[in-house]
Amino acid sequence: MIKKVETLLKHRPLMFVVVLLSSLVLLLSPILLGEVGTTKDGAILGFLKENAWSDFLGVFHPLVLHLPIGALILIFSMELLGKMSPKYRFDMTIPLLFNAGSSVLAVVLGLLWYYGGDDFSSASELLDSHMWKGLIYAVCALWLPLIYAAGRGRLRIFYYLTLIGSVVMMTVSAHDGGESLHGDIFTKAPWNLKEDSVRERSGDGDGTEVVASVYDPVLFTEIVTPILEEKCNSCHHSDHKVKSDLKFDTYADILKGGREQDYYPCLVPGDVENSFLVGCIELPDDDDFHMPPIKKDQITAEELVLLKWWVSVGAPEEKKLSEVEVPAEVQAILDKQKK
Ligand code: HEC
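Going left to right, the sequence shown walks through residues -15 to 323 as my numbering numbers them.
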C-alpha cells in the first residue's frame, strides 16, 4: 500500500497535473461559488447555505488551520537548522505533504464557513482579503512537495523561494483572519493603549490608577440612535410626518410602538425574534412592512448586526459598551467604525 502511494507520488507528470488542477479549483472556488460578478446566490451556494453540515464543519476552520501553521514553522526551522549543520539535514517530503494536506483541509473548511454559514452574511473586505491570502497560501503549500522533489541541486533555490513566500502569505493571512475574529489586536497593545486611554487618579489618594478606555459609548444613544436617525427617522420622528404612529423620538416611544404594536410589538428587550423593529428590516423587499421601504436607503448588513445585538443584550437604554457582552463580529464592526 505504502509502496503504491510512493510510486504514485514519484510519478511527476501525474502529480504535476493533480497539483495544477487542485490549484485552479482552489483559486477559482470563490468564483465557482458565485461570489465574483454575481450576487451571493449561485446554485452551489444555495446548497451550502441549506445544508447544516457546512456551518457545522466550517466552525472547525479556526482549529484546523493551526496544523499547517505549526507544520510550516517546523519545516522552515528545520531547513534553517539544516543549513547550519549537516547533522540536522532531514528529508522534508512527509512534513511537506502534511503541510499541503492540512492547508487544503483548512481552506476547504474556511470556504464552507464563509459561504455556508449565516455568521458571515456581512461579508467584509477584511474577510475577503483573508480568504484570498489563505487560498494563495494553500496553493503554495500544494506546490511545495513537488518543487522540493524536482528541485535538487541548483534548482533548490525555487523551493526556498516558495517556502519563504509561503511563510509570508501565511503570516499576512493569519493576521487578517485573527483581526476578523478578535478585532485589531494592535489597538489593545500596551504601547497603543496609553495614547487611547485616559488615566484617572482615584480621589482617595492611595495611588491606584484606573485606566479607562475613552471609547465606551452608551449603546442606545451612540450606536443605535445614529442608525435610526439616518435610516428611519425621516418617517418615524415627530420632526417629520410620523408613519404608522411609530416614532423613535425617545426610548419610551420605541417601546410604545406603533399601530401594529398589539400584533407586532416594536421592541421586546432581549427577544430579537419578536422585535418588529429588527424583524421588519428582514422582511422580503415586496412586503409592505419591509423597512426602510425599498426605494429608501437600506439598512446595511453591519447595521442590522448592531441593532440585533443591542436587542439581544436586553435593548438597554443606559448601558455602555463595557457593560454588555460583545461578540467578536460586533467588535470588528465597532472597530471599523471607530477608524
Ligand atoms: C420612507 C418612510 C419610512 C422609512 C424611512 C421607514 N419607515 Fe417604517 N414605516 C413606514 C410606513 C409607511 C409604515 C406603515 C406600513 C404599512 O402600514 O403598510 C411603517 C411601519 C413600520 C413599523 C410597524 C409599526 C407599527 O406598529 O405599525 C415598524 C416597526 C417600522 N416601520 C420600523 C422602521 C424602521 C426600523 C426603519 C428604519 C430602519 C423604518 N421603519 C424606516 C415608513 C417608513
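Every residue, glycine too, gets a C-beta built ideally from N, C-alpha and C. Computed from a predicted model, the values in this text were never measured in an experiment.
- The beta carbon of L81 is closer than 7 Å to those of P129 in its chain, skipping five residues each way along the sequence.
- Set against 7 Å, the gap from the CB of Y248 to the closest heavy atom of the ligand HEC is smaller.
- Ordered by chain, the residues meeting the criterion of a beta-carbon within less than 7 Å of a non-hydrogen atom of the ligand HEC are L212, K215, C216, S218, C219, H220, K227, S228, D229, L230, G241, G242, R243, E244, Q245, Y248, C250, F260, L261, C264, I265, D272, F273, M275, P276, P277, K280, I283.
- Cβ neighbours of M154 within its own chain (closer than 8 Å, five residues either side excluded): P52, I53, L56, Y121.
- The bridge partners DSSP lists for V202 are K304.
- Under the three-pair Cβ rule at 8 Å, the stretch 276 to 296 counts as touching the stretch 306 to 320.
- The way I'd put it, the stretch 63 to 82 does touch the stretch 124 to 140; three or more beta-carbon pairs between them come closer than 8 Å.
- As for any alpha helix (DSSP H) of minimum length 4 sitting wholly inside the stretch 109 to 178, the runs are 109 to 134, 140 to 166, ordered along the chain.
- At a Cβ-Cβ threshold of 8 Å, L267 and C250 do not count as neighbours.
- For the pair of segments examined, the stretch 62 to 71 was found not to touch the stretch 149 to 169: the number of CB pairs separated by less than 8 Å stays below three.
- The DSSP-derived three-state label of G66 is helix.
- The beta carbon of D270 is closer than 8 Å to those of I278 in its chain, skipping five residues each way along the sequence.
- Boundaries for I265: no alpha helix (DSSP H) harbours it, and the DSSP string shows neither H nor E there.
- Using a 10 angstroms sphere on the CB of W37, the tally of other CB atoms stays under 16, which defines it as exposed.
- Its chain contains V226, K227, L230, K231, F232 as the residues whose beta carbon lies nearer than 7 Å to that of H220, once the 5 sequence neighbours on both sides are disregarded; these appear in chain order.
- Spatial neighbours of V202 in its own chain (CB-CB distance under 6 Å, excluding positions within 5 residues in sequence) are listed in chain order as K304.
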